[in-house]
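A.B. asks: My structure is below; once you've seen it, I'll send some questions.
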Amino acid sequence: MTAAAPLRLATLADLDAIMRLEESTFTNDAWTVDSMRAELHSRHSYYLVAEQPDTPGLLGYAGLLAPEGSADADIQTIAVAPAARRRGLGRQLMEALIAEARARRCRTIFLEVRADNPTAQHLYDTLGFEQIAVRPRYYQPDDVDANIMRLELHSDAAAVGA
Numbered sequence: 001m002t003a004a005a006p007l008r009l010a011t012l013a014d015l016d017a018i019m020r021l022e023e024s025t026f027t028n029d030a031w032t033v034d035s036m037r038a039e040l041h042s043r044h045s046y047y048l049v050a051e052q053p054d055t056p057g058l059l060g061y062a063g064l065l066a067p068e069g070s071a072d073a074d075i076q077t078i079a080v081a082p083a084a085r086r087r088g089l090g091r092q093l094m095e096a097l098i099a100e101a102r103a104r105r106c107r108t109i110f111l112e113v114r115a116d117n118p119t120a121q122h123l124y125d126t127l128g129f130e131q132i133a134v135r136p137r138y139y140q141p142d143d144v145d146a147n148i149m150r151l152e153l154h155s156d157a158a159a160v161g162a
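Taking full-length UniProt numbering, the leading residue of the sequence shown gets 1, the next gets one more, and so forth.
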């Protein structure tokens, strides 16, 4: 793992850069610009971007949906640029989202991950997520299953992501 990348809250000004990374990462099932704009605008969402000041474009981004008063949160999306992979950035983004879910007093975080993405599945496993279900043929047009995973948050400081 290399040095941590600077993370900051995403804004609507980041929309174009997020969409470039979204569309290059999720070529067949990228979010629409309108969906991403709505996420960035929502008071229930928490999106982060990772960037290096001297490098064009984003290194990564990730988003959490955690409605006020809800015990549940959902990792909406996470993407890391190819040049920034295998350096701990995905973990850094996930740990920041987990910390935000804790700050919002959520008790459970859910996510969906493509069944054909063992790298992401391994990351989520190491963070304490467990697979609880499968949604067959969820990712279209590829006919790829979605593994649904859950992380139970604990109030003790020793918990994952604290």
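Think of the CB as a built atom: it goes at the ideal place given N, C-alpha and C, for glycine as much as any other residue. Just so you know, these numbers come straight off a predicted model, no measurement behind them.
Would you mind sorting Val113 into buried or exposed? The rule is 16 or more other CB atoms within 10 Å of its CB.
C.D. replies: Along the sequence shown, read from residue 1 onward, the residue named residue 113 stands at position 113. Looking at its Cβ environment, which holds 16 or more other Cβ atoms inside 10 Å, Val113 is buried.
A.B. asks: Rounding to the nearest angstrom, what Cα-Cα distance links Leu93 and Leu111 in this structure?
C.D. replies: Locating residue 93 in the sequence shown gives position 93, where the first residue counts as 1. Locating residue 111 in the sequence shown gives position 111, where the first residue counts as 1. Whole-angstrom Cα-Cα distance: 14 Å.
A.B. asks: I'd like to check one pair, Asn28 with Asp142: are the Cβ atoms closer than 8 Å?
C.D. replies: Indexing the sequence shown from 1 puts residue 142 at position 142. Indexing the sequence shown from 1 puts residue 28 at position 28. Cβ distance < 8 Å, so Asp142 and Asn28 count as in contact.
A.B. asks: For Arg60, does the count of other Cβ atoms within 10 angstroms reach 16, so buried, or fall short, so exposed?
C.D. replies: On the sequence shown, residue 60 is found 60 positions in, with the first residue counted as 1. Reading off the sequence shown, one finds Gly at residue 60, where the question assumed Arg. Gly60 comes out buried.
A.B. asks: At which residue ranges does the stretch 13-59 contain complete alpha helix (DSSP H) runs of 4 or more residues, listed in the order of the chain?
C.D. replies: The stretch 13-59 contains these whole alpha helix (DSSP H) runs: 15-25 and 33-41.
A.B. asks: Between Leu9, Ser70, Val80 and Pro56, which has its C-alpha nearest Tyr47's C-alpha?
C.D. replies: Translated into the one-based positions of the sequence shown, residue 47 becomes position 47. Of Leu9, Ser70, Val80 and Pro56, the residue nearest in Cα terms is Leu9.
A.B. asks: So, using beta-carbon positions, are Leu64 and Leu97 closer together than 8 Å?
C.D. replies: The residue given as residue 64 occupies position 64 in the sequence shown. The residue given as residue 97 occupies position 97 in the sequence shown. Yes; because the gap between Cβ atoms is below 8 Å, this pair is in contact.
A.B. asks: Starting from Arg102 and walking both ways along the alpha helix (DSSP H), at which residues does that stretch end?
C.D. replies: Taking the sequence shown and counting its residues from 1, the one referred to as residue 102 is at position 102. It spans Leu89 to Ala103 - the alpha helix (DSSP H) in which Arg102 sits, taken as one unbroken run.
A.B. asks: With a threshold of 7 Å, establish whether the CB of Ala101 neighbours any heavy atom of the ligand NAD.
C.D. replies: Ligands in the displayed structure: none, and consequently the ligand NAD is not present.
A.B. asks: Beta-carbon within less than 6 Å of Ala159's beta-carbon, same chain only, minus the 5 sequence neighbours each way: which residues are those?
C.D. replies: Indexing the sequence shown from 1 puts residue 159 at position 159. Note that Ala159 scores 45 on pLDDT, short of 50, meaning its location in the model is unreliable; the coordinates nonetheless yield the value given after this. None.
A.B. asks: Taking a contact to mean a Cβ-Cβ separation below 8 Å, would you say Leu58 touches Arg91 in this structure?
C.D. replies: Start at 1 with the first residue of the sequence shown, and residue 58 comes out as number 58. Start at 1 with the first residue of the sequence shown, and residue 91 comes out as number 91. Not in contact: Leu58 and Arg91 (Cβ atoms no closer than 8 Å).
A.B. asks: Grouping DSSP H, G and I as helix and E and B as strand, with all else coil, what is Asp74?
C.D. replies: As a working note, residue 74 is residue 74 in the sequence shown. Reduced to three states, the DSSP call for Asp74 is strand.
A.B. asks: Helix, strand or coil for Val144? Go by DSSP, reduced to three states.
C.D. replies: For the purposes of this step, residue 144 is taken as the residue at position 144 of the sequence shown. Strand.
A.B. asks: Establish whether the CB of Leu9 and some CB of chain B are separated by less than 8 Å.
C.D. replies: This model lacks chain B altogether; it includes just one protein chain.
A.B. asks: Quick one: is His41 buried, meaning 16 or more other Cβ sit within 10 Å of its Cβ, or exposed?
C.D. replies: Taking the sequence shown and counting its residues from 1, the one referred to as residue 41 is at position 41. That one is exposed.
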